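Undergrad: First residue of the sequence shown? That's 774 in our numbering, and the numbers climb one at a time after it.
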Amino acid sequence: MKDEFKTGNPIWIYYRDIDNNDNLRLPQLLRGHLGQSYDIKKIKIPNYNLVQITGTLKGTFDNTAKSVCFYYRKQTWGEIQNVDLYLHLKTPVTIYDQVAGMPLSDKLPGNIYVKSFQRIATTTREFWYQINADQWVKFDDDQMTLVEHDPFTEQKATKPIVDLTYLKLNKVKATVDFLPNRAIDTYDQPYGLPLTKLANGTSVTLIARVKDDNGVTWYETDNSGYINASYIQLDDKDGED
């Protein structure tokens, strides 16, 4: 059989968001005979700018595995920066599933610190901070302040930032009620250092309830430290009595 009748290795073509690697279009499979030339064209995607291309756009089909990937970025995204800082939340703050995305049902409680890993500055002059996978908050100086040092280290060396009321519980059964397929941090004390993570739906045993003078409630578990009461669902509503 002559080469012109033999099929070369197909070429996969991808169109992805460079920041989260999501596919913006279904991957395309380009086929051709050995020695046949190909010429892959750039395409425009609404609300995105093309920022990078990997692979060869022109060539001939052969027996080599090839792929081409077009990487795009949202037009409204300006500066993208990895950061290592904290946000002090003065009041309850809405969490979003992505920058300028959909609000999640649960809010972060006020008077806590959260760590941020990435900051996005949009072309509309908004600043968004990533606090967890698929969790973002929009900066609002009426609701939060930026803290560049580790606030938990200072809190360990000083008295608690609020007065706490401690109530012992008789091993109350409860469940972590956070977000599907997500985990929530626990702490060595209220407003303390991160201790571990508990997946949504995890069963826990509560041995104490702690409330501060701002009305924020924490639960102490028997073996996983403290967790904010916003993320706890009591299995027995009368269990605390």
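Ideal Cβ placement from N, Cα and C applies to all residues, glycine included.
Model, not experiment: these values are computed from the prediction.
Mind the definition here: the region 893 to 904 touches the region 943 to 950 only if three or more C-beta pairs lie below 8 Å; say whether that holds.
TA: Not touching, per the Cβ criterion.
Undergrad: Would you list, in sequence order, the uninterrupted beta strand (DSSP E) runs of no fewer than 3 residues that lie entirely inside the region 934 to 1001?
TA: Runs of the beta strand (DSSP E) inside the region 934 to 1001: 937 to 949, 956 to 960, 967 to 972, 976 to 985, 990 to 994, 999 to 1001.
Undergrad: Excluding five sequence neighbours on each side, which residues of the same chain lie with their C-beta closer than 6 Å to the C-beta of SER810?
TA: Correct list, in chain order: THR833.
Undergrad: In angstroms, rounded to a whole number, what distance separates the CA positions of THR849 and TYR788?
TA: If I take the Cα positions, the gap works out to 18 Å.
Undergrad: Given THR867, which residues of its chain have a CB within under 6 Å of its CB, disregarding the five upstream and five downstream residues?
TA: Hits under 6 Å: PRO876, LYS880.
Undergrad: Given a threshold of 16 other Cβ atoms within 10 Å of its Cβ, counted over all protein chains shown, does VAL887 qualify as buried or as exposed?
TA: By the neighbour-count rule (16 or more Cβ atoms within 10 Å), VAL887 is buried.
Undergrad: Can you name, in chain order, every residue of its own chain whose Cβ lies under 7 Å from the Cβ of LYS847, other than the five neighbours on each side?
TA: Here the set comprises ASN820, TYR821.
Undergrad: Quick one: what's got a C-beta closer than 7 Å to GLY974's C-beta in the same chain, skipping five residues either side?
TA: These residues qualify, in order along the chain: THR948, VAL949.
Undergrad: Compare the Cα-Cα distances from ASN794 to each of CYS842, ILE1005, ASP985 and report the closest residue.
TA: Here the closest residue by C-alpha is CYS842.
Undergrad: Quick one: what's PRO876 bridged to in DSSP?
TA: DSSP lists TYR869 as partners of PRO876.
Undergrad: In angstroms with no decimal places, state the Cα-to-Cα distance between PHE951 and THR959.
TA: Each residue's Cα considered, the two are about 12 Å apart.
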